[in-house]
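Colleague: The sequence shown runs 111 to 482 under this note's numbering. Let me give you the structure first, and then I'll get to my questions.
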Amino acid sequence: MTVKTLTLALGERSYPIIIGQSLLAQAGKYIKPHLAGKRICIISDAAVADLHLQALMAGLADLDGCAIDSIILPPGEATKSFDVLEDVLGQLLEKNFSRNDCLIAFGGGVIGDLTGFAASILKRGCRFIQIPTTLLAQVDSAVGGKTAINTKVGKNLIGSFYQPKLVLADTDVLGTLPVRELKAGYGEVLKYGLINDPEFFGWLTQNGGEKIIACDPKALAYAIETSCAAKAAIVKQDEREHGVRALLNLGHTFAHALEARAGYGGTLLHGEAVSAGMLMAFEFSSDQGLCPPEDVERLRVHQDKLGLCTADNLAAILFEDPKVLLGFMAADKKNTNDQLNLILARGIGKAFLADNVDKDKILSYLTQKKEG
Ligand code: NAD
Ligand code: GLY
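Okay, here's the thing in structure tokens:
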């Protein structure tokens with residue numbers, strides 16, 4: 111299968127997004143042009159390292175004269191924390207890592223977000239490269255330069271915008287991903303259809319979705335390319351989310367509240383929360399008379415058919431106290447001056463940013479969810 115290269119065009123911060131099979135084996139070739147120093151440190155999690163670090167190291171073997179080191183972290187959302195960040199930065203400082211040296215984020219969105227944040231603040235910024243290993247990271251988190259850690263108050267509230275030098279997405283590594291993780295990542299694929307691409311939504315509903323969950327290489331390549339191209343087009347217009355980039359957060363305000371409510375211990379994965387949150391955004395839009403109920407149904411039917419997460423199959427305890435959920439929603443980054451700003455939809459492919467959404471209406475919707 112051919113290797114596809116997209117570009118995220120951001121002037122001097124532009125970078126290639128390379129998508130294809132067997133890329134780990136050629137990682138050195140792709141990475142070499144982006145190096146300036148003599149040291150590389152791969153940051154990964156234990157599950158990814160067990161499965162794929164050897165292959166990556168072999169692929170980097172032809173980088174003559176470059177010392178390659180690794181830091182292996184525990185898998186899971188809890189790794190995106192101040193404690194882990196401090197530990198990683200401490201280790202890099204002890205190695206005397208310099209600005210020209212290069213961090214490689216080798217893992218899912220957790221590793222990508224943490225490594226990107228570490229790279230952005232280590233000596234005020236060192237180089238970094240994303241080698242995403244989950245579907246979610248290949249279609250979303252590795253692209254666009256958002257980096258973050260979580261706090262008790264909410265998700266991703268501490269972070270930076272900091273672009274990688276390269277994104278290298280080897281679709282073969284997805285072969286070892288558990289189905290639950292593939293389905294979680296699928297939520298972010300579906301998002302692009304729901305935001306502004308009804309044709310892509312159509313492809314996903316006409317069997318594309320099933321093929322992706324079955325890890326069909328052609329379907330994966332098409333979905334990853336389409337998703338990265340859609341994200342690159344939006345980020346190019348609005349790198350720091352002053353406007354259109356907010357659309358990429360469709361469903362995320364509901365999702366982040368559910369994740370914060372669930373704790374970050376793995377009972378609810380980010381992509382699962384996004385899947386549930388997108389349907390909630392559509393339902394809420396429909397309740398407000400903004401979105402045709404048929405479009406909500408099309409989305410619900412598709413999600414049910416693929417066995418994706420929705421509010422209806424989440425633990426009831428998450429909805430037990432709607433005011434707590436609303437509190438988490440109110441802590442979202444998109445909010446300004448105490449106003450709640452949400453991404454809503456006028457239909458499939460018609461998402462928009464709604465400013466100052468009435469909190470009482472949201473509370474009443476969340477109360478309905480509690481009552482089932
Ligand atoms: P993750 O990084 O926790 O990875 C999921 C699990 O899959 C982990 O247990 C990991 O060990 C395992 N894994 C990873 N690759 C594997 C492989 N190839 N084979 C087998 N197991 C593998 O989770 P995620 O879903 O990739 O990312 C979620 C995170 O991404 C959240 O923290 C979310 O906030 C963040 N995110 C960031 C952005 C952004 O723009 N920066 C966008 C979306 C999501
Ligand atoms: N995942 C949302 C964004 O990158 O803007």
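The beta carbon of each residue, even a glycine, is placed where N, CA and C say it ideally should be. A quick note: this is a predicted structure, and the numbers were derived from the prediction, not measured.
Smallest Cα separation from Met439: which of Tyr140, Ala365, Ser251?
Modeller: Locating residue 439 in the sequence shown gives position 329, counting from the first residue. Of the listed residues, the one whose Cα sits closest to Met439 is Ala365.
Colleague: Among the candidates Glu204, Gly226, Arg355, whose CA atom is the shortest distance from the CA of Phe216?
Modeller: As a first step, residue 216 must be located in the sequence shown, where it is residue number 106. Considering only alpha carbons, the answer is Gly226.
Colleague: Excluding five sequence neighbours on each side, which residues of the same chain lie with their C-beta closer than 8 Å to the C-beta of Ile322?
Modeller: In the sequence shown, residue 322 corresponds to position 212, counting from 1. Excluding residues within five positions, the ones whose Cβ falls inside 8 Å are Leu245, Leu292, Tyr296, Val299, Leu314, Ala329, Leu330, Ala333.
Colleague: State the Cα-Cα distance for the pair Ile221 and Pro143, rounded to the nearest angstrom.
Modeller: What you label residue 221 is simply residue 111 of the sequence shown in a count that begins at 1. What you label residue 143 is simply residue 33 of the sequence shown in a count that begins at 1. Near 23 Å, if we compare the C-alpha coordinates of Pro143 and Ile221.
Colleague: At a cut-off of 7 Å, is Leu330 close to the ligand NAD when judged by its beta-carbon and the heavy atoms of the ligand?
Modeller: Along the sequence shown, read from residue 1 onward, the residue named residue 330 stands at position 220. No.
Colleague: Applying the criterion that 16 or more other CB atoms from any shown protein chain within 10 Å of the CB defines a buried residue, is Phe394 buried or exposed?
Modeller: The count along the sequence shown starts at 1 and reaches residue 394 at position 284. Classification of Phe394: buried, given that the 10 Å Cβ count is 16 or more.
Colleague: Would Asp280 be called buried (16 or more neighbouring beta carbons within 10 Å of its own) or exposed?
Modeller: For the purposes of this step, residue 280 is taken as residue 170 along the sequence shown, with counting starting at 1. So Asp280 counts as buried.
Colleague: How about Lys443 and Leu202: are their beta carbons less than 8 Å apart?
Modeller: Here residue 443 is taken as the residue at index 333 of the sequence shown, counted from 1. Here residue 202 is taken as the residue at index 92 of the sequence shown, counted from 1. Against a cut-off of 8 Å, the Cβ pair of Leu202 and Lys443 comes out as no contact.
Colleague: Do the CB positions of Cys212 and Ile241 come within less than 8 Å of each other?
Modeller: Translated into positions along the sequence shown, residue 212 becomes position 102. Translated into positions along the sequence shown, residue 241 becomes position 131. No, the pair does not count as a contact, with Cβ atoms beyond the cut-off.
Colleague: Counting C-beta neighbours from all protein chains within 10 Å, is the total for Thr115 16 or more, i.e. buried, or is it exposed?
Modeller: Position 5 of the sequence shown holds residue 115. So Thr115 ends up on the exposed side.
Colleague: I'd like the span of the beta strand (DSSP E) that includes Ile129, first residue to last.
Modeller: Counted from its first residue, the sequence shown places residue 129 at position 19. In the DSSP assignment, Ile129 falls within the unbroken beta strand (DSSP E) covering 125 to 130.
Colleague: Using alpha carbons as the reference points, say which of Tyr140, Ser132, Gly381, Gln449 lies closest to Tyr125.
Modeller: Stepping through the sequence shown from its first residue, residue 125 is reached at position 15. Residue Tyr140 is the option with its Cα nearest to Tyr125.
Colleague: So, is Asp160 buried or exposed, given that buried needs 16 or more other C-beta atoms within 10 angstroms?
Modeller: Translated into positions along the sequence shown, residue 160 becomes position 50. By the 10 Å Cβ count, Asp160 comes out exposed.
Colleague: Counting Cβ pairs closer than 8 Å, one from the region 416 to 434 and one from the region 443 to 452, do we hit at least three?
Modeller: no
Colleague: Would you list, in sequence order, the uninterrupted alpha helix (DSSP H) runs of no fewer than 4 residues that lie entirely inside the region 258 to 296?
Modeller: none
Colleague: What do you get for Asn317, buried or exposed, if any count of 16 or more other CB atoms within 10 angstroms of its CB means buried?
Modeller: Counting from 1 along the sequence shown, the entry for residue 317 is found at position 207. So Asn317 ends up on the exposed side.
Colleague: So which of Gln136, Gly459, Leu473, Gln478 has the shortest CA-CA distance to Gly303?
Modeller: Taking the first residue of the sequence shown as 1, we reach residue 303 at position 193. The candidate whose alpha carbon is nearest that of Gly303 is Gly459.
Colleague: I need the straight-line Cα distance from Ile453 to Ala177, nearest angstrom please.
Modeller: Looking up residue 453 in the sequence shown gives position 343. Looking up residue 177 in the sequence shown gives position 67. Between Ile453 and Ala177, the C-alpha separation is close to 45 Å.
Colleague: State the CB to CB distance for the pair Glu349 and Leu120, rounded to an integer number of angstroms; the pair is presumed to be in contact (CB under 8 Å).
Modeller: As a working mapping, residue 349 is identified with position 239 in the sequence shown. As a working mapping, residue 120 is identified with position 10 in the sequence shown. Between Leu120 and Glu349 the Cβ distance is about 6 Å, and since that is below 8 Å, they are a contact.
Colleague: Is Gly312 a contact residue of the ligand GLY, with contact defined as CB to any heavy atom under 7 Å?
Modeller: Taking the sequence shown and counting its residues from 1, the one referred to as residue 312 is at position 202. Checking every heavy atom of the ligand GLY against the Cβ of Gly312, none is found closer than 7 Å.
Colleague: From what residue to what residue does the alpha helix (DSSP H) around Ser396 run?
Modeller: In the sequence shown, residue 396 corresponds to position 286, counting from 1. Note, Ser396: alpha helix (DSSP H), 380 to 397.
Colleague: Rounded to the nearest angstrom, what separates Cys236 and Arg149 at their Cα positions?
Modeller: Looking up residue 236 in the sequence shown gives position 126. Looking up residue 149 in the sequence shown gives position 39. Using only the alpha carbons, I get a separation of about 11 Å.
Colleague: Below 7 Å, is the gap between the Cβ of Asp250 and the nearest heavy atom of the ligand GLY?
Modeller: The count along the sequence shown starts at 1 and reaches residue 250 at position 140. Flag set: Cβ of Asp250 near the ligand GLY.
Colleague: Check whether the Cβ atoms of Lys275 and Gly361 lie closer than 8 Å to each other.
Modeller: Here residue 275 corresponds to residue number 165 of the sequence shown, with the count starting at 1. Here residue 361 corresponds to residue number 251 of the sequence shown, with the count starting at 1. Not a contact, by the Cβ cut-off of 8 Å.
Colleague: For Val263, which residues in the same chain have their Cβ closer than 7 Å to its Cβ, ignoring the five residues on either side in sequence?
Modeller: As a first step, residue 263 must be located in the sequence shown, where it is residue number 153. Correct list, in chain order: Ala441.
Colleague: Taking the alpha helix (DSSP H) that Ala168 falls in, what are its first and last residues?
Modeller: Your numbering for residue 168 matches position 58 in the sequence shown. Here the alpha helix (DSSP H) through Ala168 covers 164 to 169.
Colleague: Measure how close the beta-carbons of Ala135 and Ala171 come, nearest whole angstrom, since I'm counting them as under 8 Å.
Modeller: Stepping through the sequence shown from its first residue, residue 135 is reached at position 25. Stepping through the sequence shown from its first residue, residue 171 is reached at position 61. Incorrect: roughly 10 Å between the Cβ atoms, too far for contact.
Colleague: Any idea which residues DSSP pairs Asp155 with across the strands?
Modeller: Here residue 155 corresponds to residue number 45 of the sequence shown, with the count starting at 1. Answer is Leu183, bridged to Asp155.
Colleague: Looking only at its chain, what residues have a beta carbon closer than 8 Å to the beta carbon of Pro491, apart from the 5 residues adjacent to it on each side?
Modeller: Absent from the model: residue 491. The displayed extent of the chain is 111 to 482, so no value can be given.
Colleague: Compare the beta carbon distance of Leu389 and Phe429 with 8 Å and say whether it is the shorter of the two.
Modeller: Against the sequence shown, residue 389 aligns to sequence position 279. Against the sequence shown, residue 429 aligns to sequence position 319. Not in contact: Leu389 and Phe429 (Cβ atoms no closer than 8 Å).
Colleague: Taking only three categories from DSSP, how would you classify Thr117?
Modeller: Here residue 117 refers to the residue found at position 7 when the sequence shown is read from its first residue. Thr117 falls in the strand class under three-state DSSP.
Colleague: Taking 7 Å as the cut-off, is the C-beta of Glu349 nearer than that to any heavy atom in the ligand NAD?
Modeller: One-based indexing of the sequence shown puts residue 349 at position 239. Incorrect: Glu349 has no Cβ contact closer than 7 Å to the ligand NAD.
Colleague: Confirm the yes/no value for this check: CB of Asn260, any heavy atom of the ligand GLY, distance under 7 Å.
Modeller: Numbered from its first residue, the sequence shown carries residue 260 at position 150. No, the Cβ of Asn260 stays beyond 7 Å of every heavy atom of the ligand GLY.
Colleague: Do Asn210 and the ligand NAD come close, with the Cβ less than 7 Å from some heavy atom?
Modeller: As a first step, residue 210 must be located in the sequence shown, where it is residue number 100. It does not: the Cβ of Asn210 is nowhere closer than 7 Å to a heavy atom of the ligand NAD.
Colleague: Can you tell me whether Asp468 is buried or exposed, with buried defined as 16 or more other CB within 10 angstroms of its CB?
Modeller: Numbered from its first residue, the sequence shown carries residue 468 at position 358. Per the 10 Å Cβ criterion, exposed.
Colleague: Which residues bound the alpha helix (DSSP H) around Ile344?
Modeller: Locating residue 344 in the sequence shown gives position 234, where the first residue counts as 1. It spans 327 to 347 - the alpha helix (DSSP H) in which Ile344 sits, taken as one unbroken run.
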